[in-house]
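Protein chains in written order, with our numbering: chain A, 47 to 158; chain B, 2 to 122. We put the beta carbon where it would ideally sit given N, CA and C, even for glycine. Please read these numbers as outputs of a predicted model, since none were measured by experiment.
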């Protein structure tokens, strides 16, 4: 299986909203409500922001939300703040006959 | 609060075996799946595989022939061995805990800080 597809970069001004998309196939994103999103600041470990498409872990701001339509999942960040500038990765279970976990290539968010 | 810490050599010679250990603190290693994920510089994340506390494993098919994972519940540790390494295996290696929904992998909730392993002679 190939990695999930994310746009390389997205930008927005403070206070605005942005959406990052993650496109897979009917064998991964489209088959399971098991998409998760991770935020990664430079030199740091990834941090879970959204799991099971729409759920937020405890302590994550409600400015972060997730959704899915068909084979594409999306992460929306509203009310952009400077500290949101980071790389964002989507992830999906993709197993059927073989157990596989796929990540997206990552999207660099720049807060202007 | 669960914490994970990777340890192991930062430099490995080509064709040799990379060995890393992850120590789990603040919680038991039992009844969870424990993962290795890597990230080459400037690139995305790649799932290497995971091991359950009982020792059962699943590996990324692209790495399966070179990967071995083990677990030591008495030490709250699990380990990764990657054989026949090349420069393409140079990356930051993370250990992480994963949560399952039934038999399906859902999300990675705790991560180590990562350790850089360079493959070079």
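Item	Value
Could you please give the first and the last residue of the uninterrupted beta strand (DSSP E) stretch that includes residue 58 of chain A?	55–58
Hey, how far is the Cα of residue 32 of chain B from the Cα of residue 158 of chain A?	44 Å
Quick one: complete beta strand (DSSP E) runs, 3+ long, within the region 82–146 of chain A?	93–96, 110–115, 118–123 and 132–139
Taking all protein chains shown into account, decide if residue 133 of chain A is buried (16 or more other Cβ within 10 angstroms of its Cβ) or exposed.	buried
Between which residues of its own chain and residue 53 of chain A is the CB-CB distance below 6 Å, once the five residues before and five after are set aside?	153
In the DSSP assignment, what are the bridge partners of residue 67 of chain A?	A/120
Indicate whether at least one CB of chain A lies closer than 9 Å to the CB of residue 46 of chain B.	yes
Please identify, using Cβ separations under 8 Å, the residues of the region 52–85 of chain B that lie next to chain A, in order along the chain.	59, 61 and 62
Determine whether the beta carbon atoms of residue 72 of chain B and residue 84 of chain B lie at a separation below 9 Å.	no
Report back the beta-carbon spacing between residue 94 of chain B and residue 35 of chain B to the nearest angstrom; my notes put them in contact at under 8 Å.	Contact doesn't hold; Cβ gap of about 13 Å is too wide.
Kindly indicate which residue of A/64, A/146 and A/138 has the alpha-carbon position closest to the one of residue 70 of chain A.	A/138
Compile a chain-ordered list of the residues in the region 87–99 of chain A whose CB is closer than 7 Å to at least one CB of chain B.	91, 92, 94, 97 and 98
Counting Cβ pairs, one atom from each stretch, are 3 or more of them under 8 Å apart for the region 112–122 of chain A and the region 73–92 of chain A?	yes
When the distance is taken between beta carbons, is residue 121 of chain A closer than 9 Å to residue 83 of chain A?	yes
Tell me, please, which residues DSSP counts as bridged to residue 2 of chain B.	According to DSSP, residue 2 of chain B bridges with nothing at all.
Under the rule that 16 or more other beta-carbon atoms within 10 Å means buried, what is residue 87 of chain A, buried or exposed?	exposed
Do the region 96–108 of chain A and the region 49–67 of chain A meet, that is, are 3 or more Cβ pairs less than 8 Å apart?	no
In terms of alpha-carbon separation, which member of B/119, B/9 and B/110 lies closest to residue 106 of chain A?	B/110
Quick check on residue 26 of chain B: does DSSP put it in helix, strand or coil?	strand
Any C-beta of chain A sitting closer than 9 Å to the C-beta of residue 33 of chain B?	no
Taking 9 Å as the cut-off, decide whether the C-beta atoms of residue 15 of chain B and residue 87 of chain B are in contact.	yes
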